[in-house]
Amino acid sequence: MKRTYLLVAGICALGAQCLTQNIHAAAGGDSIKIGAIFSVTGPASFLGAPEEKTVRLFVDKLNAAGGIHGRRVELVLKDSGGSPEKAVSFAKQLIEEEKVLAIIGPSTSGETMQIKALCEENEMILVSCAAAEVIVNPTAKYVFKTPQKDSQAVTWIYRTMKDKGVRKIAVVSSNDGFGAAGKKQLEDMAPAEGIEILANEVYDKQATDLTDILTKIKGTRGVQAIVNWSIVPAQSIVAKNMRQLGMEMPLFQSHGFGNRKYVEQAGVAAEGTLFPAGRLLVVDELPDNHPQKALLAAYKKDYEETYKEDVSTFGGHAYDAILVVTEALKRARRPDRARVRDAIENLKGLAGTAGVFNFSPTDHTGLDLTSFEMLTVKDGKFAIYRK
Amino acid sequence: MESGNLELQYFLSGITKGSIYAVVAIGFNLIYSATGVLNFAQGEFVMLGGMVAVTLARFVPLPVALAGAVAIVALVGCLLEILFFRRLQRHSILHLVIITIGLSIVLQEIALHLWDEKVRSLPYFTGNEISSLKFFGAAISPQVFWVLATVAVTVVLLHIFLKYTLPGRAMRAGSSNPSAAMLAGINIANMRTLAFGLSAAIGALAGCVISPITMTHYEMGAPLAIKGFAAAILGGLGNPMAAVLGGLMVGVLEAYSVSRLPAAYSDVTVFAVLLLVLFARPHGFWGRPGGESVREH
Amino acid sequence: MKPRLKPGLSFTLLAAALIVVPWILRWADMEYCLTQLTMSLYYAIVVLGLCLVMGYAGQVSLGHGAFFAIGGYTSAVLTTCDVSKWQTAAWLGWIKQSPFCMAREDLFGNPILTLSPWVAFFAAMALAFVVANLIGYPALRLRGHYLAMATLGFGMIVNKVILGTAFTGAADGINGVPEWNLGLGLTVSGKRALRIENYFIASGLLLLLLVLLHNLVRSRVGRALQAIHDRETAANAMGINTALYKLKAFVLSALMAAMAGVFLTHYTAGIGPSEAGALKSVRYVALAAAGGMSSLWGVTGMSTLLNYMSLRGLFGSYDNAVFGLLLIGIVSLAPEGPLKPLARLLRRFVGACRPPNAVGPDAARPDNGPARRASDQTQCLFP
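Residue numbers (the working numbering), protein chains in the order written: chain F, -12 to 374; chain R, 83 to 379; chain L, 71 to 453.
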């Protein structure tokens, strides 16, 4: 019987905990609520975790500096664990219950697409941290995103290929939303750029070894380069297995490679990898008069000092998202959703981590080709690629 | 590359994956043959082994880190048995399966909050990320041989332990006829604890040797456990050698599937074959039918 | 015998309770909670079906998420795939006029022509029925771990096929699923204006299935399943066609999962591959265990409650950890589910304050109904 009491007590404690949490969340006062949905745990946690940390850091600093127009910003953070049904539930909660000013996130394109229509119908500002092009194309009035467009990354990759005289390539991508979206762009843009895709394979995001797929590519005649489009840790395995198989052709990665951990994991195999990315990773190489330099250096320093880990471009996307919302809020002067939305569309020349944002009614990403830089890995460090 | 070499390369790639599954499957088998529990949390032992070793390797030399990881995870294994399974001997298989699944989830969450979501790995034991051995134009990473060697040594040592040592024989007796073993003065509960500890140790060792190839992160356990489970069943439960063969088979099957079908479906092939084997020959390729009733008709 | 309620009365009470909820929430100005409540009622249907397989027939299934996904995805694919690109095909001429098709506009105002949700619903149920039979027939002959592996493997196959196939949206899943006009003025839709209506659709469906299962487990079939659960070989020897009964239970529960999938997909207007993941299937098992496996009422109640809490994000980043702990805690501390000991406690408490043989107020609690079956058996053994 003792056990039963224990169990009952446990359940009661759980219930009480939930209740108090609820009450706690309800207390707010005259603050401005901003919602955030990130997959802090679950299969996309390598995106969601740095995003959550970044946004917390940003809001803490903002409030310490007096908030916006004297009002505190209150962050309502939800962990979706990467499941769409939770993203939907949380989005409804943030819209109907918390009545937040704007929603930041979700981390993955699948979740974003699930709530895109919902936010549009309810006139809720959504600034997504996922990269897929479909989020902003076709444009929905209330939906924005901060990562660079896949098509721009593809353009950079294809142009660099042409410089190197590469015409025939193989594409490998992971079976998550990021991989699928990139794969589609690579396929769609190849004919126009005069590139021929000879092999096209998708691997599991939890893959342990990819020599079989690379063998298939090795056995395909005429492949001059490999493009790997993925955001998961498995992309380090691609680099390692390629070199183990003795494949010397250049390896191009997507902007999902923007995390020093991946370079560390691939070790010497990552040397010479080419990938387009924002300038966050090479902030030290930037000239002092570069518009992003000050912001990037400050973010990198704050993040690395607070969390004792390397900064990544994923966290940067969340930084940009909250930056866009708070900047627009400052310009709109009052937390009125329609006004803030208009203000976002009118943001020009806003330096963020991914690039300089110039939003317009037709462009809800606000970044152009110059937001990317072709990077390479040199002695285990990121460096700007020069021909 | 000539097509012959290509086939060989697929085979070697299958061996690479297969060796990983095999080393996971051995641990499964040990707990299963000693206690009758199919431990879904075996994959978490592998993950924990890798995690602990990576953490220790920052402070001590690699071999010491490996030994430390194996010892710590073995302790965790013993502790789990004492805490959760000791009182459950008369429970149905359903309950045991559920508990191990629950443990797997909880261990994974603990790892997430104890460490973080990032990937890490041990350095290659020999060579580095790009070194490989060549056979007739096909390449394989030297680390695979470390894995295969671990598999071989573990299987041989297990065999000797179970066949020729007193605790090993007691363990087998405890699983084949608990009441008789008890009458003969064997402390069955302790034997089960020992089995859990041992298989946790094997899992941890597996987690260390595969870490350079697969990398270690908190979510790696469950997929590996499922594949290792599949390997153990394909080979035939209760026989470590069969588990190894089963593991290699799963790996080669995957590689072969990639060579013919889109790579996205390689897991589908593996599980489809597994289901077919289960339906047609549930005791696996090398298992003996009748040892345990797997089927009612 | 302890006093007990007639099943009819307890169902009426439950129905009354379900009807009162929206008004209470409206009074408390918390009507928004209905969204998550509706979703968790749909998930409760899956767990209820699983309860039949695990609690009554005693068979483990680690692949029920796959059936949910089969239902949801079939419905989502058929109702979002634009058939107007085959305009030229001759058969489309008449089908366009028929009620099988539905012309509508997508989010951006482009006209599209898709199959009607009703067609998709029946297609989904048919597919789930076929797949459940195909998998269940051989798999249910296996025992214990082998059955667990077979169902797990089946779930993995469905998950990987969804992830690897373009028309199921790969990792992004499918979004933009239209609302479903059920007729009689009812529409399954996530729109805010239809929140109460949808809550009633979900609770009505759940109640209906609950009554169905309640009667089923008290019929010949239920007794046969119970016999299988307790001693399969003995049941076989008694002339019960165990394989057939197990298969029937499995198929029924698969259909329930698929049905929940269809409804929820229309409700949330989309579905993603995580619905077919192994973790989701395991979560259903955890919920069934939390409700005491073989108690329909307990399973319904616990699964609704816990899913509701999870969908409201009350567990934060510890969501999976909570479910893992629940699995371990309940199975090792109270394998019959936490409600049964709770009910016993309550009964003892009430018994201490009241003269014997009086009808305690606890008996009027619908949650109490579930706990009885097994304890009645023990009472028969030790009068």
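Glycine is no exception: its CB is placed at the ideal position from the N, C-alpha and C atoms.
* Asked: Would you call the region 294 to 301 of chain R and the region 351 to 362 of chain F touching, i.e. three or more CB-CB distances under 8 Å?
  -> no
* Asked: Would you call the CB atoms of D66 (chain F) and S351 (chain L) closer than 7 Å?
  -> no
* By the 10 Å Cβ neighbour count, where 16 or more other Cβ atoms means buried, how is M100 (chain L) classified, buried or exposed? -> exposed
* Asked: Nearest CA to the CA of T257 (chain L): which residue from L:I271, L:N245, L:I244?
  -> L:I271
* Cβ-based neighbour list, E39 (chain F), same chain, cut-off 8 Å, excluding 5 preceding and 5 following -> A23, F25, V27, L64, D66, A305
* Asked: So V401 (chain L) is in the alpha helix (DSSP H); what residue range does that whole segment cover?
  -> 389 to 403
* Using only alpha-carbon positions, find the residue among R:E163, R:L287, R:H241 that is nearest to L230 (chain R). => R:L287
* Asked: When DSSP builds the beta bridges, which residues end up paired with M172 (chain L)?
  -> L:T184
* heavy atom of the ligand FAD below 6 Å from K99 (chain R) C-beta -> The ligand content of the structure shown is nil, which means the ligand FAD is not present either.
* **Contact the region 270 to 281 of chain R vs the region 176 to 186 of chain F: 3+ CB pairs below 8 Å** => no
* Tell me, please, whether the CB atom of I200 (chain F) is closer than 7 Å to any CB atom in chain R? => yes
* Asked: Taking buried to mean at least 16 other C-beta atoms within 10 Å of its own C-beta, is L111 (chain L) buried or exposed?
  -> buried
* Three or more C-beta pairs below 8 Å linking the region 301 to 319 of chain F and the region 335 to 345 of chain F -> yes
* What do you get for W97 (chain L), buried or exposed, if any count of 16 or more other CB atoms within 10 angstroms of its CB means buried? -> exposed
* Asked: In the structure shown, what three-state DSSP assignment does P248 (chain L) receive?
  -> coil
* To do: Using beta-carbon positions only, say whether S293 (chain R) and A116 (chain R) come within less than 7 Å of one another.
  => no
* Residues of the region 178 to 207 of chain R whose Cβ lies closer than 7 Å to any Cβ of chain L, in chain order -> V179, I180, I181, I183, G184, L185, I187, V188, E191
* Nearest to G206 (chain L) (by Cα), restricted to the options L:G347, L:A313, L:A236 -> L:A313
* Asked: Can you list the alpha helix (DSSP H) stretches of 4 or more residues lying completely in the region 222 to 285 of chain F, in chain order?
  -> 247 to 253
* Is the CB of T257 (chain L) under 7 Å away from at least one CB in chain F? -> no
* To do: Return the bridge partner residues of N187 (chain F) from the DSSP annotation.
  => F:V158
* **Residue range of the unbroken beta strand (DSSP E) whose run includes N345 (chain F)** => Unbroken run through N345 (chain F): none, as it is neither H nor E.
* Identify the continuous alpha helix (DSSP H) that holds M219 (chain L) and give its terminal residues. => 214 to 234
* Does K410 (chain L) have its Cβ less than 7 Å from a Cβ in chain R? -> no
* Asked: If you drop the 5 nearest sequence neighbours on each side, which residues of the same chain put their C-beta closer than 6 Å to that of E188 (chain F)?
  -> V159, I200
* 8 Å contact criterion, which A359 (chain L) and I400 (chain L) should meet: CB distance rounded -> 5 Å
* Spatial neighbours of E85 (chain F) in its chain, beta-carbon cut-off 7 Å, leaving aside the 5 residues before and after -> K20, G22, V63
* Asked: Which residues in chain L sit within 7 Å of S96 (chain F), going by Cβ to Cβ distance?
  -> D242
* Where the beta strand (DSSP E) containing W60 (chain R) begins and where it ends -> With chain R represented from 83 up to 379, any question about residue 60 (chain R) goes unanswered, as that position is not in the structure.
* Any alpha helix (DSSP H) of 4 or more consecutive residues that is wholly inside the region 277 to 364 of chain L -> 290 to 300, 302 to 307, 312 to 338, 348 to 360
* Asked: Which residues, taken in chain order from the region 175 to 206 of chain F, show a beta carbon closer than 7 Å to some beta carbon of chain R?
  -> E188, V189, Y190, D191, Q193, T195, D196, T198, D199, I200, T202, K203, K205, G206
* Asked: Does the Cβ of L90 (chain R) have 16 or more other Cβ atoms within 10 Å, making it buried, or fewer, making it exposed?
  -> buried
* N-terminal and C-terminal residue of the alpha helix (DSSP H) that T370 (chain L) is part of -> 366 to 381
* Apply the 10 Å Cβ neighbour rule to G2 (chain F) and answer buried if 16 or more other Cβ atoms are within range, or exposed otherwise. => Note on G2 (chain F): pLDDT 49, under 50, position unreliable in the model; the coordinate value appears next. Exposed is the call here.
* List the residues of chain L that A337 (chain R) touches, going by C-beta distances under 7 Å, in chain order. => Those within 7 Å of A337 (chain R) in chain L number zero; the least Cβ separation is about 16 Å.
* Going straight from the alpha carbon of T41 (chain F) to that of K200 (chain R), what length do you get? -> 16 Å
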